[in-house]
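In my numbering, the protein residues as written are 28 to 173.
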């Protein structure tokens, strides 16, 4: 009795909560006096995923669309809508915490479909690079043998 609530959100669901998305923006270059603050980015469904060379890369946790080159006047939700109009997060008309179980499961399904599609595209690109390398080696062997 009286023990603190130690229940945690399962890791697979963490990004559905705005505060967890916001926590990814520790080194976000836009702090104040602009539209694309970390809070507004998280509100629009983005997580911060900077690369070594680009500090303002943000990715939607549902559609996995990556955007960079942010300007201080950019509205995160408008940019999200413009670049990924079919994103299920953009289409939400209410806070995630207010979704019914059915609505939440549909959102999770969309996310999983997008994740699989993203991974398949990446795998295809890698396989095409590998195939090109192998074709080059085969051509090289042919030229040696003839």
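Beta carbons: idealized from backbone N, C-alpha and C, even for Gly.
- The beta carbon of residue 85 is closer than 6 Å to those of 68, 73, 75, 94 in its chain, skipping five residues each way along the sequence.
- Fewer than three Cβ pairs drawn from the region 123-141 and the region 97-110 lie within less than 8 Å of each other, which leaves the two stretches out of contact.
- Assignment of residue 88 by DSSP, reduced to helix, strand and coil, places it in the coil class.
- A residue is called buried when at least 16 other Cβ atoms come within 10 angstroms of its Cβ; residue 51 meets this threshold and is buried.
- Each residue's CA atom was taken as its position, placing residue 135 and residue 59 some 32 Å apart.
- DSSP, reduced to helix, strand and coil, places residue 168 within a helical segment of the structure shown.
- Judged by DSSP in its simplified three-state form, residue 94 adopts strand.
- In the three-state reduction of the DSSP assignment, residue 110 falls in the helix class.
- For residue 62, the three-state secondary structure derived from DSSP is coil.
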